[in-house]
Amino acid sequence: MIPRPHLVRAIALLVLGLLFCVFPGCSSNDADQNENQIVLTGSSTVAPLMSEIAKQFESLHPGVRVDVQSGGSSRGVADARRGLADIGMVSRDLKAEEQDLTAFPLARDGVCVIIHRDNPVASLTDDQLVAIYTDRINNWKEVGGADAPITVVNKAEGRSTLELFVGHFQLNNEQIKADAVIGDNEQGIKTVAGNRHAIGYVSIGTAEYDAKHDVEIKLLPLAGIAASIENVRAGDFPLSRPLNLVVQGTPTGIVAEFIDFARSRDVNQIILEQYFVPLSQ
Amino acid sequence: MSRSRSDVTLVWILRGCGLLTGAITVVIVGFLLWESLPAIRDVGVRRFVSDQSWHPSAGATGGQFNLVPMMVATSLATAGAVLLAAPLGIGSAVFAHFYAPRRLRHTHGKMIELLAGIPSVVYGLWGLVVLVPLIARWHPPGTSLFSAIIVLTIMILPTIALLAGAAFDNLPSEYLRASAALGLSRGRTVLSVVLPASRSGLFTAVLLGTGRAIGETMAVLMVAGNVVQNPTSIFQPVRTITANIALEMAYAMEGHRSALFVCGLLLMGMVMVLVGFAEWVSQGRIHG
Chain Y
28 MIPRPHLVRA
38 IALLVLGLLF
48 CVFPGCSSND
58 ADQNENQIVL
68 TGSSTVAPLM
78 SEIAKQFESL
88 HPGVRVDVQS
98 GGSSRGVADA
108 RRGLADIGMV
118 SRDLKAEEQD
128 LTAFPLARDG
138 VCVIIHRDNP
148 VASLTDDQLV
158 AIYTDRINNW
168 KEVGGADAPI
178 TVVNKAEGRS
188 TLELFVGHFQ
198 LNNEQIKADA
208 VIGDNEQGIK
218 TVAGNRHAIG
228 YVSIGTAEYD
238 AKHDVEIKLL
248 PLAGIAASIE
258 NVRAGDFPLS
268 RPLNLVVQGT
278 PTGIVAEFID
288 FARSRDVNQI
298 ILEQYFVPLS
308 Q
Chain W
3 MSRSRSDVTL
13 VWILRGCGLL
23 TGAITVVIVG
33 FLLWESLPAI
43 RDVGVRRFVS
53 DQSWHPSAGA
63 TGGQFNLVPM
73 MVATSLATAG
83 AVLLAAPLGI
93 GSAVFAHFYA
103 PRRLRHTHGK
113 MIELLAGIPS
123 VVYGLWGLVV
133 LVPLIARWHP
143 PGTSLFSAII
153 VLTIMILPTI
163 ALLAGAAFDN
173 LPSEYLRASA
183 ALGLSRGRTV
193 LSVVLPASRS
203 GLFTAVLLGT
213 GRAIGETMAV
223 LMVAGNVVQN
233 PTSIFQPVRT
243 ITANIALEMA
253 YAMEGHRSAL
263 FVCGLLLMGM
273 VMVLVGFAEW
283 VSQGRIHG
C-alpha cells in the first residue's frame, strides 16, 4: 500500500522533533560538572581495565559517572597534580620526585617468556634472550637445544606487553628481528604451541592458565625466578610492574569509595580477564 | 489527486534512500581523510613510501612510516589467492552444472554455500592451529605469505564458485539447445559456448572474490606472521594493510592512530582502483 501523505508528514515531524529534543539534551549533560563525576586519566595499559571497573561501579552507584581517558602514565601524574583529574593511572612505580602523590596499587602486570613444551631448553639467561631477539643467536643448539632455527615471536607495536619487555631488556623495538608478530596473548600462545621451535612472550596470567590446562607451552624462569602469578603478586618476578591509581592528598567521598572498590576482591575477576594479576587475595 | 500526491511522496522517499546510500561512501571517505590529515601533514606523503620501516609509535619525527611492504604483501596475497581460487571455483561450477548427476549437484551446491557462510575467524583459527604448524614442519616459521594465500584461497573459493554458477544459470537456454542441435560434445559446448557467453558474469565473480581477498583481515592476521618486510620467498612472514590496522588500532594514539587511518585511506584507494579497472574492462572488453 502507498502511504498516505499526512501520515508520512506526521512521522517526519516526529523524527525531527525527537532530533531536536535529543541533541541539546546531550550537550547540556556534558557541560554539567557535578559532585557525582569522577575523572580518571593516564596509562593506556590501565585505562581499559578501569573502564570495566567503572562500568561495574556505575551500576552499583546510580547517578555517578566515571570518565576514563587514556594518554600515558606521565599524563596521569601531571593531571592528578594539577587537579585536572580526580585520579591518575600510572603503570609503573612512582619516581622519587613524584612522592607528593599517594599511590594505590590495584594490580600487577607480568610478562613471561614461553617456548614449546617439547623444547628441551629449561632456562635462558637475559643475555641469551637478548641475543635471540636481536638475531645474534638463531639456532636452538647454541643455547643447549635441538639443531633447529629459532622462530622469534614478537608483539605488535603499541602493546604494553611489548613496552614492558623491551624496557626490561633495554632493547629498542627496531632491533628486534621477529619471525612472527602477534596481537593478543591468546594468538601468541597458539603460535608457540603450534611451533616446536618458537619462542615468545605473553602476559603471565594467560600463560599460566593455559599451561595448566594442557596447552603445549612451557614458562621459562627469568633470572632464576619461576614465572608464576604468585611470584608476580609478591613482586619478586623481574619482568613485572605495578598498576597504580594516584591521587593528591587523601581521597574523600565518592573518589575514596571508588578507589576502595577498585582494590577490593569484587573486581578480581575483571582484573584477571584483562590478564593482570590482582593483589587482593 | 491523492494518488498522485502519495506517488510524489514515495518518489521523494526513494530519492532520499538513494542519496543516503551514496552519501555513506562520501562520509566514510571524508572521515578517513579527516582522521589521516594530521599524519599526512606531520609526516608528509613522501615518507610513507621512502622511510626505512614501519615503527609509527615513536611519533611523527622519531617514527618510521613506510607502507610499501604492506601494500606489496596485500597485493601478493590477493593475487596468489585469486590465481588459485579462480580456476578452482569456475571449474567446480562447470562440474556442478554440466557434468555432475542431479543429486550430487544439489549436495555440492549446499556444501559450497556452507563454505561461504563460515565466519573468517574460524578459517583463521583453523589456519593457526592446523595449517601453520603443518607448514612450519616443512618450512619454518610457518606463518607466512604462503599460509595467507592458502587461507584466502579457501575463503574466496565459494564466492567465485557461487557467482560463476549463477552466471551459468543465467545463460539463455537457446545457446545450449543450439549447441546440442549442432551435435557438439559436452566439453566443446562448455569451452566454446558456455564460457565465452558468460564471460561478464565470470569476471564479476573473480572481481568480487578479489575484493573479499583485499579486505579480509582476521584470518590473514592469524596466519601471515605480520612482520613488516618485502618478502623474498613465499615462506616468509608478511603483514597486510588490513592486518596492520587490526593489530595496532586498539593501542594506537594520536600520530600513530592517524597513520593507521592513512592505511585505511590506502586500502580504500586500492579498492577504488579495482572497481575502476572493472568498469573499464566491462565497458571496453565484454559488452563493447
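Here the protein sequences line up with chains Y and W, keeping their order. Each residue of the first sequence is one higher than the last, beginning at 28 in this note's numbering. Each residue of the second sequence is one higher than the last, beginning at 3 in this note's numbering. Here a beta-carbon is modelled for each residue, glycine too, at the ideal position from N, C-alpha and C.
What does N181(Y) pair with, by DSSP beta-bridge criteria?
V208(Y)
Following the continuous alpha helix (DSSP H) through R109(Y), name the residue where it begins and the one where it ends.
100 to 109
Thinking C-beta only, is S70(Y) closer than 9 Å to L270(Y)?
yes
If you measure beta-carbon to beta-carbon, which residues of the segment 138 to 165 of chain W are closer than 7 Å to chain Y?
A138, P142, P143, G144, T145
Below 6 Å CB to CB, which residues in the same chain sit around V240(W) once its five sequence neighbours on both sides are set aside?
A75, L147, A226, P233
Three-way DSSP call (helix, strand, coil) for V271(Y) in this model
Per the sequence shown, the amino acid found at residue 271(Y) is Asn instead of Val. Strand.
Starting from P132(Y), trace the alpha helix (DSSP H) in both directions and tell me its first and last residue.
Premise fails: P132(Y) lies in the beta strand (DSSP E), 128 to 143, not in any alpha helix (DSSP H).
Please determine if the segment 133 to 147 of chain W and the segment 205 to 224 of chain Y are in contact, where contact requires at least 3 C-beta pairs separated by less than 8 Å.
Counting Cβ pairs under 8 Å, three or more are found: they touch.
Collapsed DSSP secondary structure at G129(W) in the structure displayed:
helix
Proximal residues to L189(Y) (C-beta, below 6 Å), its chain only, five neighbours per side dropped:
K182
Using the three-state DSSP reduction, which class does S94(W) fall into: helix, strand or coil?
helix
When you compare the CB positions of A261(Y) and A234(Y), do they come within less than 9 Å of one another, or not?
Not closer than 9 Å, so no.
Contact set for A79(W): own chain, Cβ-Cβ below 8 Å, skip 5 residues either direction
L147, A150, I151, L154, A215, V222, A226, V240, T242
A254(W) touches chain Y at which residues, Cβ-Cβ below 7 Å?
G185
Considering just the uninterrupted stretch of the beta strand (DSSP E) at D94(Y), what are its terminal residues?
D94(Y) -> beta strand (DSSP E) spans 92 to 97.
When the Cβ atoms of the segment 19 to 27 of chain W are set against those of the segment 95 to 109 of chain Y, are three or more pairs found closer than 8 Å?
No, they do not touch.
Chain W contact for E300(Y) (CB, 9 Å cutoff):
no
Applying the criterion that 16 or more other CB atoms from any shown protein chain within 10 Å of the CB defines a buried residue, is D237(Y) buried or exposed?
Classification for D237(Y): buried.
What are the residues in the segment 26 to 58 of chain W lying within 9 Å of chain Y by C-beta distance?
Q54, S55, W56, H57, P58
Please state if the CB of L178(W) and the CB of V196(W) are separated by a distance shorter than 9 Å.
yes
Please return the same chain residues whose Cβ sits closer than 8 Å to the Cβ of I203(Y), not counting the five positions on each side in sequence.
Y160, T161, V179, N181, V193.
Helix, strand or coil for Y160(Y)? Go by DSSP, reduced to three states.
helix
Counting only C-beta atoms, is N228(W) closer than 9 Å to chain Y at any point?
yes
A205(Y) and V229(W) - do their beta-carbons sit closer together than 9 Å?
yes
When you compare only the Cα positions, how much space is there between L269(W) and S260(W)?
14 Å
Using a Cβ-Cβ cut-off of less than 8 Å, list which residues of the segment 85 to 109 of chain W approach chain Y; keep chain order.
none
Under 6 Å Cβ to Cβ from S1(W), same chain only, skipping five residues before and after it: list those, please.
Only positions 3 to 290 of chain W appear in the structure, and residue 1(W) is not among them; the question remains open.
When Cβ atoms are compared, which residues of the segment 144 to 176 of chain Y fall closer than 7 Å to chain W?
Result list: P176.
Of all the options S6(W), P160(W), R48(W), which has the alpha carbon lying nearest to the alpha carbon of E115(W)?
P160(W)
Return the Cβ separation of F263(W) and L34(W) in integer angstroms, given the expectation that the two are a contact with Cβ distance under 8 Å.
6 Å
Whole-Å CB distance - V140(Y) paired with L156(Y), under 8 Å assumed:
7 Å
Cβ of Q66(W) within 9 Å of any chain Y Cβ:
Against chain Y, the CB of Q66(W) has a partner CB under 9 Å away; the residue lies at that interface.
Answer yes or no: do L130(W) and T218(Y) have a C-beta to C-beta separation smaller than 9 Å?
yes
Exposed unless 16 or more other CB atoms sit within 10 angstroms - verdict on I268(Y):
Checking the sequence, you will find Arg at residue 268(Y) rather than Ile. Buried, by the Cβ-count rule.
What is the rounded straight-line gap between the Cα of N165(Y) and the Cα of I30(W)?
45 Å
Could you check where the beta strand (DSSP E) with G227(Y) kicks off and where it finishes?
Unbroken beta strand (DSSP E) run through G227(Y): 225 to 230.
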